[in-house]
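First up is the structure itself, then whatever we jot down about it.
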Amino acid sequence: MLADEQYRAGNYEQAIRIYDQAVIVNPQNSLNFHDRGVVYAAMKNYERAITDMLIAESLNPRNPHHFFEKGRFHYETQAYELALAELNHAIVLDDEYAHAYLYRGKTLVEMGREHQGLADLKTAVRLKPAYDKTYLWAITKIKNHWVRLEAVQFRIEELGKTDSFHTRAHVYANLKQYEKALADFDRETERDSVPTKESKINNCKENLIEDIAIEKAVEKKQGPPPGPVGRKVVVLASADLKEGTKIKGQVHTGQIYTLSHESGDWFYLAERPGWVHQRYVMLFDEAAEYAGMKHFERRIEAAPADLVALYSLGSLKAYLGNYDEAIVHFLDGLTAIKKQQRLLKRLYGEETLVLYQSDFIMNVGNCYLACGGEKQAIHYLTQAIEISPLNYEACYNRGLAYARLGQRQEAVDDLNKTLELRPGHLLARNLLQQIEVN
Numbered sequence: 006m007l008a009d010e011q012y013r014a015g016n017y018e019q020a021i022r023i024y025d026q027a028v029i030v031n032p033q034n035s036l037n038f039h040d041r042g043v044v045y046a047a048m049k050n051y052e053r054a055i056t057d058m059l060i061a062e063s064l065n066p067r068n069p070h071h072f073f074e075k076g077r078f079h080y081e082t083q084a085y086e087l088a089l090a091e092l093n094h095a096i097v098l099d100d101e102y103a104h105a106y107l108y109r110g111k112t113l114v115e116m117g118r119e120h121q122g123l124a125d126l127k128t129a130v131r132l133k134p135a136y137d138k139t140y141l142w143a144i145t146k147i148k149n150h151w152v153r154l155e156a157v158q159f160r161i162e163e164l165g166k167t168d169s170f171h172t173r174a175h176v177y178a179n180l181k182q183y184e185k186a187l188a189d190f191d192r193e194t195e196r197d198s199v200p201t202k203e204s205k206i207n208n209c210k211e212n213l214i215e216d217i218a219i220e221k222a223v224e225k226k227q228g229p230p231p232g233p234v235g236r237k238v239v240v241l242a243s244a245d246l247k248e249g250t251k252i253k254g255q256v257h258t259g260q261i262y263t264l265s266h267e268s269g270d271w272f273y274l275a276e277r278p279g280w281v282h283q284r285y286v287m288l289f290d291e292a293a294e295y296a297g298m299k300h301f302e303r304r305i306e307a308a309p310a311d312l313v314a315l316y317s318l319g320s321l322k323a324y325l326g327n328y329d330e331a332i333v334h335f336l337d338g339l340t341a342i343k344k345q346q347r348l349l350k351r352l353y354g355e356e357t358l359v360l361y362q363s364d365f366i367m368n369v370g371n372c373y374l375a376c377g378g379e380k381q382a383i384h385y386l387t388q389a390i391e392i393s394p395l396n397y398e399a400c401y402n403r404g405l406a407y408a409r410l411g412q413r414q415e416a417v418d419d420l421n422k423t424l425e426l427r428p429g430h431l432l433a434r435n436l437l438q439q440i441e442v443n
C-alpha cells in the first residue's frame, strides 16, 4: 500500500494525507484508522493517535492490535495505569500476543511491579526470542536484587546467554554471595579473553575483593586502627580511588604508603598528594588477611602478563616482609613487559607501561633496601630513575641507601632532588637534616 510505503520511508505527512483519503472512501474500515493512528504516534501526536485507535476499536472490538496500540501510546506518555488496562485487554483477546506481553512487562517494571513484569517479559521472549534485547533493558531497570537474579538466571539457564555471567556476578556481589560472584567473573574471562574486556573484568574483581574485605572488617567490628598516623598501608583497591576521595596525584594499586596525618574521617598518604577516605584505610590495613593474595595468584595463573596482578601481589608480599617472593613477582612483571611489549602497549598505553616498568624496577630496589641489600637497591633504583627521572620516590629511596652506606654526598644530592620534585616530602627533609647534623 502506498501510504505504508510513505510511512516506512519517514514521510509521515504524505502518509497521513493518503490515509485521510482512504478514510473518506471507506469510513467503515478499521485498519485505515488504525494505521493512521500509528503514523500520528510516530509524529508524537499521541492525542490524535489514540482518537484514531478508539474509532478503529469501535469498528472492530475483537482486534487485539487496536488495544495493544492504545496501550503502547499510553506507555510512551508514561500513563502506565491506562497502558496496563489496554494491554490486559489485548492479551485477553490473544494470549500469544508476544508484543503485548513485552509492553505489559515493561509497563509493570516501570510501575515497580518488577516480579510480575519479569514474568511477562519471559513469556514475550519465549514467544519471540528477538525480544531478548528488551529483556536486557529490564534487567538494568529492576532494582530488587533477587528479582534481577531470577532475570539473569533465565538468560543463562534457559536461553544459554553466557554474556550474562558478568551481570550475574554483580548481582551476586550485591546479595553478598561473594564466592559465586568471583566464579562468574572467572567464567566471563574464560568466555571472552579479549585483553580490554579481561582488564575491565579484572578491575571489577578488584573492587569486589575490596567489598569482601570491608564486609569482613565490619563483621569483626573493626574500624580504623587507633592512632593510624605513621602506619604502613597497602592499596589493594583500584588505582583510581572513586567515591569519597580528593586526589591530586595518582595512587597505585598495590603500592605501600605511610599515613602521616589524620583529620576526622580523612587520612593523608605521605608518599602521594591525596586524601583517602576511612573505608579505604580499613581495607588497606586488613588487606593481607583477606582473599586479595589468592585472587591475584589466580589472575597470574590465568594470565601471566597481568601487570596489575603481578604488581599487587608483589606489593602484598613486600608488605608482609616476604621480600624474596616479592622480588620474583616484580621481576616477572619486567619480563612480561619485555616479552609482550606490543600487546601490553595496546592494553595499558605506552605512557602507563613506562610507569609500570619504572615502578617494578623501583620496587625491586625497595625490597633489597628493606632487607639490607643497599648496593643492589642502588642498582635497581638508578635504573628506575633513568626510565622515569621525575620518580621522586626512587630518588628518596636511593638517597636513603646511600646514607646507610655512608656515601654522604650522593645521599644529599638525591634528597635535594627529591625535595625539588616534591617540596613537601617530609621524610626526605628529615633525613637531610639528620645527615647535616651528623
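To convert, note that position 410 of the sequence shown is 415 in this note's numbering; the numbers rise steadily by one, no gaps. Where is the CB? At the ideal position from N, CA and C, for every residue including glycine.
Out of curiosity, what's the CA-to-CA distance linking residue i and residue j?
i, j, result
"Leu420", "Gly429", "12 angstroms"
"Asp329", "Glu379", "15 angstroms"
"Leu213", "Arg53", "52 angstroms"
"Tyr140", "Glu119", "12 angstroms"
"Gln11", "Met48", "13 angstroms"
"Leu241", "Asn443", "Here the model assigns Leu241 a pLDDT of 48, short of 50, so the residue's position is not dependable, and the following value carries that caveat. Distance between the alpha carbons of Leu241 and Asn443 is about 39 angstroms."
"Thr112", "Arg304", "42 angstroms"
"Val333", "Tyr385", "14 angstroms"
"Arg77", "Ala105", "9 angstroms"
"Cys372", "Gly404", "15 angstroms"
"Asp137", "Lys146", "14 angstroms"
"Arg347", "Ala156", "40 angstroms"
"Leu98", "Pro69", "6 angstroms"
"His71", "Ala310", "60 angstroms"
"Met367", "Thr357", "15 angstroms"
"Asn402", "Ala174", "41 angstroms"
"Cys376", "Thr340", "23 angstroms"
"Gly354", "Gln381", "30 angstroms"
"Gln83", "Gly122", "16 angstroms"
"Asn327", "Gln438", "31 angstroms"
"Leu374", "Ile342", "24 angstroms"
"Tyr24", "Glu62", "17 angstroms"
"Lys148", "Phe190", "21 angstroms"
"Ile60", "Met116", "28 angstroms"
"Tyr85", "Asp125", "15 angstroms"
"Glu101", "Gln345", "55 angstroms"
"Asp364", "Gly110", "53 angstroms"
Return helix, strand or coil for residue i, following the three-state DSSP convention.
i, result
"Thr340", "helix"
"Met48", "coil"
"Pro229", "Per-residue confidence for Pro229 stands at a pLDDT of 43, beneath the threshold of 50, marking its modelled position as unreliable; no derived number is given."
"Ala308", "coil"
"Arg118", "coil"
"Ala14", "coil"
"Leu318", "helix"
"Cys400", "helix"
"Leu349", "helix"
"Leu164", "coil"
"Val281", "Confidence is the limiting factor: at Val281 the pLDDT is only 48, short of 50, which leaves the residue's position unreliable and the question unanswerable from this model."
"Cys372", "helix"
"Pro134", "helix"
Between which two residues does the alpha helix (DSSP H) harbouring residue i extend?
i, result
"His104", "103-115"
"Ser393", "From DSSP, Ser393 is part of no alpha helix (DSSP H); its letter is neither H nor E."
"Gly354", "It is not in any alpha helix (DSSP H) - Gly354 carries neither H nor E in the DSSP assignment."
"Asp418", "413-426"
"Lys146", "137-146"
"Gly76", "69-81"
"Phe170", "170-179"
"Asn435", "431-442"
"Arg153", "150-158"
"Ile96", "85-98"
Spatial neighbours of residue i within its chain, please: C-beta separation below 6 angstroms, excluding the five flanking residues on both sides.
i, result
"Lys185", "Tyr177"
"Lys322", "Glu330, Ala331"
"Ala314", "Phe301, Arg304, Ile305"
"Leu187", "none"
"Ala444", "No answer is possible for residue 444: it lies beyond the span of the chain, which begins at 6 and ends at 443."
Please report the Cβ distance between residue i and residue j, rounded to the nearest whole angstrom; I am assuming they are in contact, meaning their Cβ atoms lie under 8 angstroms.
i, j, result
"Ile440", "Arg413", "6 angstroms"
"Arg153", "Phe170", "The pair is not a contact, with the Cβ atoms about 14 angstroms apart (cut-off 8 angstroms)."
"Thr423", "Tyr397", "5 angstroms"
"Ser35", "Asn65", "4 angstroms"
"Ala103", "Lys133", "4 angstroms"
"Ile144", "Thr167", "That pair is no contact at about 15 angstroms."
Give a single yes or no on whether residue i has its beta carbon closer than 7 angstroms to a heavy atom of the ligand SAH.
i, result
"Ile332", "Looking for the ligand SAH in the displayed structure turns up nothing, as the structure carries no ligands at all."
Residues in the same chain with beta-carbon distance under 8 angstroms from residue i, minus the five sequence neighbours each way, listed in chain order, please.
i, result
"Tyr108", "Phe73, Gly76, Arg77, Tyr80, Ala88, Leu92"
"Val359", "Ile392, Ser393"
"Met58", "Phe38, His39, Gly42, His71, Glu74, Lys75, Phe78"
Please check if any C-beta of chain E sits within less than 8 angstroms of the C-beta of residue i.
i, result
"Gln439", "As a matter of chain content, chain E is missing from the structure shown, which is built from one protein chain."
Skipping 5 residues on each side, what residues in its chain have a beta carbon closer than 7 angstroms to that of residue i?
i, result
"Val369", "Ile332, Phe335, Leu336, Tyr385"
"Gln33", "Leu64"
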